[in-house]
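Numbering (the numbering used here), first residue to last: 173 to 925. Even for Gly, the Cβ is constructed at its ideal location relative to N, Cα and C. The structure under discussion appears below in the form of structure tokens.
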Amino acid sequence: MSRHPKAAAAPKAPKAAPLGRRAAWQLRQVTRASAGLAIALLAALLVASGAFAAIRIDRPRPIDLLLVTIVLAVLVASLAARLRFAPPTARAQRGALLLRLAAPLLDVQVGIALVIGAYALVELSGGQSSPALPLVYFLVAFAVTFLARAGAIAAALCAVAFEALLAFRTGHVVPALEHAAYLALAAAAHALFLRGLAFRQRRAHRDRLEREVQRLHDEAREFRLIACALGADSRPARPREEEERMLAEGAVETIHASMFHTLDMLKAALDLTTCILLWLEDSGERLRIKELVTDSDAVVETALPADAGALGAIVRDRLLLNLPAPKRGHVPYYGAPEEVGAFLGVPVLEDGHLRGVLCADRRAAGAFSTRDERLLLGAADQILRAIQSERVFAAVERSKYEHERFYHASAKLGRALTLEQVMDTAIDAAREICPFEMASISLFDKEKRRHRVCRVSIVPGAEEIVDGKVLDGHEFGEGVAGLLSMVVKNKHYLPAGGELRDNSIPIYSRKIKMKSVESLLVLPLVCADEAIGTFTLASRRPHAFGKDAREMLGVIANQVAVSLENAKMYKQMETMATTDGLTGLVNHRTFQVRLTDLLGRSERHGLPLALILTDIDHFKKVNDSYGHPVGDEVLRRVAKVVQESVRKVDIAARYGGEEFAVVLDGADAAGAVQLAERIRADVAKQVMQSEKGTFSVTISLGIATVPGDATEKHALVERADQALYHAKHNGRNRTITYTQFRDERASRRVAVV
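The following block contains the structure:
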């Protein structure tokens, strides 16, 4: 068995040179390639000018020798430069456009140099009638086949240009056209041949790779390395599938190595001709070679019928078979005559199930001994233990992965504080366990006995399952005979096995119709033994929620239920921290914070703002006369009137005791007075109940505005309080602005003077 060597450690990348030095080095490389190309082009012009046609080979002149030397030097230098050139690494190419030009320029130089040399020889040996013309076709075909695209194109164009110049000089156009056609055909034929060969090689390589991957997958399934319970349909989409594939492939290689060494030791210990492990296909009709060690060339490599020869008896009876001097038909894994003096076969059994047959034969006559039988049976057990060990390893890896998923899901749910965050995180966590197209979370109101769908998630492209807009916020009563109601009542998931076998059963209520759903899982959200809602998952794929997936999702659902209850308590605590417990209005601390924010906004945008402070008139008498419980009810009634009178953008707060505050965003003094008067009138209309009879109360209000009365918070509150004080000491049950208070005070000072 071939083993994969450990990958060599990658060499450390050298430190990058300074930018200027690196750019200069790149420029030198390109300059050298460009200079060589320029020299090659000059040599091409020299040959094209007809200088070589005038050379006499029998009596060469010094100038003739110089011309030949130049062409040879250009050809040799071009080939040497291309051979010496080392392609830049991917790291060096990043951001180095000039460096990437060096290789194409050298290929162009080589292509032109080859054509120059060929046509120089043609010119020396007779021009268009030269016997050296086939050399041109060969060199052009060579360039097209082996040079890069730029070099191939340059060589072909240069050859056509030389033919055109020869025709122009000699006036023989027809031979030049013929030569150009031959050049084009030679180049095209070689290009098609090369591309066709490369395409065929790539396709053959891809087919071999696919067959090998499929073989590894089949063997992993046969060895039970791929857990049937998990299944491809129950796993997350891509990343986990890749991990499972790599895990299975590594396990298959390890098992084969163990099998090979076991069979090899058996062969040596028992002096065998062949030791072969045959594995039973899932259909139970054929046996395939799983591992083989043999000295014979007659072993067939195809699958064998499970009832063939001695193998059929072992498969049928599942017992050891020891045959001395077997006949040829008794040993079916030989396709040609082979001397077999003894045969021994044992069944490979796992938990009572036949997995395969381990066979051994040798040329020596005489049956295998009892010791040999025990040795072969022990080898079969060893093979099974190797497979089981890999299964355990795969199960540990799978368990590790699942625990990591649970950890991440729990961590996410632990960080979620609000109900919305918990619901979104719950759906994300469930999607890590297994894929699905639709999810929803509904909550059950125990007091109202009603269900409400609070969150719906549908993956893009699966909108036909259900109308998300209709489902989101859908409410239905406890008595509806749907799956959600039954799950909350029984505190157990439905339907059984996660398969929707009867589409007529309503899931939510009969108003909600679901289509194209093959798998469905409605999980109860149970906290403190109380079902507070349901977690529903739907998929268009059958068998999407396997046993393992259901168990993991059940744990997630329990965590979601606890997180939802925690989120409710968090919301209550947040409300208690910002809201007055008696009246439901924001408390004094929150009022101060929000007033600061609104004042900053008013200053930034130049908008007006009004503050109304109000106080219940003679509230102490109410407590003294009717008792504090009645006084608390008066506070609640007044607070309700104030709350219902303001907009959502405004602030209604309990300022302290029997005082209330209202901040009107974007309102001037006239608007504030109008609202204050409406509040005052509505409070006066309220009829309060007590054991001593009915009564009513009134309120006084003071108003200050920004920027008319103040621009800072302290001054604004102080002036609204001064206006309220003035209203209470001047008859009560009235609204006074700070401007009125200021004008009345100024009038009194003038009267005194």
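* Which residues mark the beginning and the end of the alpha helix (DSSP H) in which Lys462 is found? -> Lys462 -> not in any alpha helix (DSSP H); beta strand (DSSP E) instead, spanning 458 to 466.
* Asked: Could you give the distance in angstroms between the alpha-carbon of Ala399 and the alpha-carbon of Ile461?
  -> For Ala399, the predicted structure reports a pLDDT of 44, less than 50, and the residue's modelled location is therefore unreliable. A value from the coordinates is still provided. When rounded, the distance between both Cα atoms is 23 Å.
* Asked: Going by the CB atoms, is the gap between Ser657 and Leu672 shorter than 8 Å?
  -> no
* Asked: Between Leu369 and Leu438, is the Cβ-Cβ spacing less than 8 Å?
  -> no
* Secondary structure, alpha helix (DSSP H): runs of 4+ residues fully inside the region 622 to 705 -> 640 to 643, 655 to 662
* Quick one, are the C-beta atoms of Pro519 and Ile486 less than 8 Å apart? -> yes
* Asked: Just how far apart, CA to CA, sit Ala328 and Gln373?
  -> 26 Å
* Asked: According to DSSP, what are the bridge partners of Leu516?
  -> Asn494, Ala532
* **Alpha-carbon spacing of Thr426 relative to Glu384, whole angstroms** => 16 Å
* Between the beta-carbon of Asp789 and the beta-carbon of Val694, is there less than 8 Å? -> no
* Asked: Do you know whose CA, among Val625, Ala611, Lys618, Gly645, lies nearest Pro632's CA?
  -> Ala611
* Decide if Thr883 is buried, meaning its Cβ has at least 16 other Cβ atoms within 10 Å, or exposed. => exposed
* Asked: Pick from His428, Phe913, Ala322: whose alpha carbon is nearest that of Phe450?
  -> Residue identity differs from the one stated: residue 450 is Leu in this sequence, not Phe. It is His428.
* To do: Compute the Euclidean distance between the alpha carbons of Gly838 and Thr762, then round it to the nearest angstrom.
  => Computed Cα separation, rounded: 20 Å.
* Asked: For the candidate residues Val727, Arg809, Gly645, Ala749, whose alpha-carbon lies nearest to that of Gln861?
  -> Arg809
* Asked: Mapping DSSP to helix, strand and coil, what is Pro477?
  -> strand
* Where the beta strand (DSSP E) through Asp617 begins and ends -> 610 to 617
* To do: Below 8 Å on the Cβ atoms is my guess for Ala938 versus Ala532; work out the distance and round it to an integer in Å.
  => Residue 938 cannot be examined here, being either before or after the span of the chain that is shown, 173 to 925.
* To do: Report yes if the CB atom of Gly874 is closer than 8 Å to the CB atom of Ala895, and no otherwise.
  => yes
* **Three CB pairs or more closer than 8 Å across the region 649 to 663 and the region 704 to 719** => Segments in contact, yes.
* Asked: Taking C-beta to C-beta, are Pro496 and Leu483 nearer than 8 Å?
  -> no
* **Counterpart residues of Leu785 in DSSP-defined beta bridges** => Ala833, Gly874
* Considering only C-alpha positions, which residue in the set Ala601, His646, Gly640 is nearest to Arg622? -> His646
* So, using beta-carbon positions, are Phe340 and Val287 closer together than 8 Å? -> Not a contact, by the Cβ cut-off of 8 Å.
* To do: Check whether the Cβ atoms of Ser872 and Leu847 sit closer than 8 Å, and answer yes or no.
  => No, Cβ-Cβ distance for Ser872 and Leu847 is not below 8 Å.
* Going by alpha carbons, who is nearest to Met431 out of Leu771, Ala558, Ile284, Ala423? -> Distance from the Cα of Met431 is smallest, within the candidate group Leu771, Ala558, Ile284, Ala423, for Ala558.
* To do: Taking 8 Å as the threshold, find out whether the region 797 to 804 comes into contact with the region 728 to 742 through three or more Cβ pairs.
  => no
* To do: Closer than 7 Å by C-beta to Thr909: which residues in its own chain qualify, once you throw out the five before and the five after it? Chain order, please.
  => Ala841, Val845, Ile875, Ala895
* Look at Asp911 and Leu781 and say whether their C-beta atoms are less than 8 Å apart. => It should be noted that the sequence gives Thr, not Asp, for residue 911. Going by C-beta atoms, Thr911 is not nearer than 8 Å to Leu781.
* Taking the alpha-carbon positions, what's the Glu702 to Arg682 distance? -> If I take the Cα positions, the gap works out to 26 Å.
* What is the DSSP secondary structure of Tyr505, counted as helix, strand or coil? -> Reduced to three states, the DSSP call for Tyr505 is coil.
* Out of curiosity, what's the CA-to-CA distance linking Asp544 and Ala716? -> 49 Å
* Using a threshold of 8 Å, state whether the C-beta atoms of Ala478 and Leu493 are closer than that. => no
* **Same chain only: Cβ atoms within 6 Å of Arg535, ignoring 5 sequence neighbours per side** => Thr445, Glu511, Gly513
* Whole-angstrom C-beta distance between Ala892 and Leu785, which should lie under 8 Å -> So it is a contact: roughly 5 Å between Cβ atoms.
* **Coil, strand or helix - Val472 by DSSP** => coil
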